[in-house]
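Enquirer: Input: one structure, supplied below.
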Amino acid sequence: MSAHKEEPAGHAAPKGGGLISKLVPALIVIAVVTGEGVAAFMLMPSVEDNAKAAREALAAKPPEPEYHDEHDAELAEIDLEEYKITSFQPASSITLRIEFHLFGMVPAEKAEEFKHIYEAKKNRVRDNVMAIIRSAEMNDLTDPGLGLIKRKILETTNKALGKPLLEGVMFAEFTFLEQ
Numbered sequence: 004m005s006a007h008k009e010e011p012a013g014h015a016a017p018k019g020g021g022l023i024s025k026l027v028p029a030l031i032v033i034a035v036v037t038g039e040g041v042a043a044f045m046l047m048p049s050v051e052d053n054a055k056a057a058r059e060a061l062a063a064k065p066p067e068p069e070y071h072d073e074h075d076a077e078l079a080e081i082d083l084e085e086y087k088i089t090s091f092q093p094a095s096s097i098t099l100r101i102e103f104h105l106f107g108m109v110p111a112e113k114a115e116e117f118k119h120i121y122e123a124k125k126n127r128v129r130d131n132v133m134a135i136i137r138s139a140e141m142n143d144l145t146d147p148g149l150g151l152i153k154r155k156i157l158e159t160t161n162k163a164l165g166k167p168l169l170e171g172v173m174f175a176e177f178t179f180l181e182q
């Protein structure tokens, strides 16, 4: 008989490590975070460097705005008439009264051609503008620059004219009231 006992099959000896194996991932995370903190501290500029950069920024002359008036001077403003539109907003059950005066910006050399084509297709253009305004969301109407509405009017007007003569549109006296 042998002095040594055999363990039954299927039972393995418990694995070692216990507490140390559970602490290793936490120690790695702590080491990485500490290393990043030290690196950030070493790369951070000193108070003197920040003060010097601030003085230089204040002393620097601000850049001149890049506004090119030459292109705008070449555009003619053409009256595209006044509009008074009533629009029902079904989502909020309110009716809006929208009034504005619309102007188109056309290259000066094409102004006469635009006026001629516009007169022939004025009703189509007016119908498109009114459809765009009636379908506009409240956010579009409250946008200070009316950017989306302007782009839609520009696109549909050029399609109605058959030529891309219109380069931009402007609103004068734009108001809308809830009724």
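Position 92 of the sequence shown, counted from 1, bears residue number 95 in the working numbering, the numbering being contiguous throughout. We treat Cβ as the ideally placed atom computed from N, Cα and C, and that holds for glycine.
(1) Helix, strand or coil for E122, going by three-state DSSP, please let me know.
(2) CB L250 to CB V172, shorter than 8 angstroms?
(3) With a CB to CB cut of under 6 angstroms and the five nearest residues on each side skipped, what residues in its chain are close to T160?
(4) Within the same chain, show all residues whose beta-carbon is closer than 6 angstroms to that of E84, passing over the 5 residues directly before and after it, in chain order.
(5) My output table needs one value for E59: the three-state DSSP class, helix, strand or coil.
(6) Suppose the cutoff is 8 angstroms on Cβ atoms and the five residues either side in sequence are ignored; what does the same chain contact list for T98 look like?
(7) Give the secondary structure of S90 by DSSP, where H, G and I count as helix, E and B as strand, and everything else as coil.
(8) Please list the segments of the alpha helix (DSSP H) lying wholly inside the region 132-156, counting only runs of 4 or more residues, in order along the chain.
(9) Hey, could you find the ends of the beta strand (DSSP E) A175 is sitting in?
(10) Does DSSP put L78 in a helix, in a strand, or in coil?
(11) Kindly indicate the opening and closing residues of the alpha helix (DSSP H) around M45.
(12) Enumerate in chain order the residues of its own chain whose CB-to-CB distance from I135 is below 7 angstroms, with the five nearest sequence positions on each side excluded.
Expert: Reading from the atomic positions:
(1) As a working note, residue 122 is residue 119 in the sequence shown. DSSP places E122 in helix when its eight states are reduced to three.
(2) Lying before the first or after the last residue shown, residue 250 is absent from the chain, which here runs from 4 to 182.
(3) Taking the first residue of the sequence shown as 1, we reach residue 160 at position 157. Once the five neighbours on either side are set aside, the close Cβ partners of T160 are V128 and L169.
(4) By one-based count along the sequence shown, residue 84 stands at place 81. Within the same chain, E84 has no close Cβ partners at all.
(5) Numbered from its first residue, the sequence shown carries residue 59 at position 56. Helix, per DSSP.
(6) In the sequence shown, the residue the question calls residue 98 occupies position 95. Taken in chain order, the residues that qualify are T89, S90, F91, Q92, E181 and Q182.
(7) In the sequence shown, residue 90 corresponds to position 87, counting from 1. Residue state, collapsed to three classes: strand.
(8) 141-145
(9) What you label residue 175 is simply residue 172 of the sequence shown in a count that begins at 1. Its beta strand (DSSP E) spans residues G171 to E181.
(10) Along the sequence shown, one-based indexing puts residue 78 at 75. Strand.
(11) Against the sequence shown, residue 45 aligns to sequence position 42. G21 to L46 is the extent of the alpha helix (DSSP H) around M45.
(12) If you number the sequence shown from 1, residue 135 lands on position 132. If we look at I135 and ignore the five residues flanking it on each side, its Cβ neighbours are I152, K155, I156 and T159.
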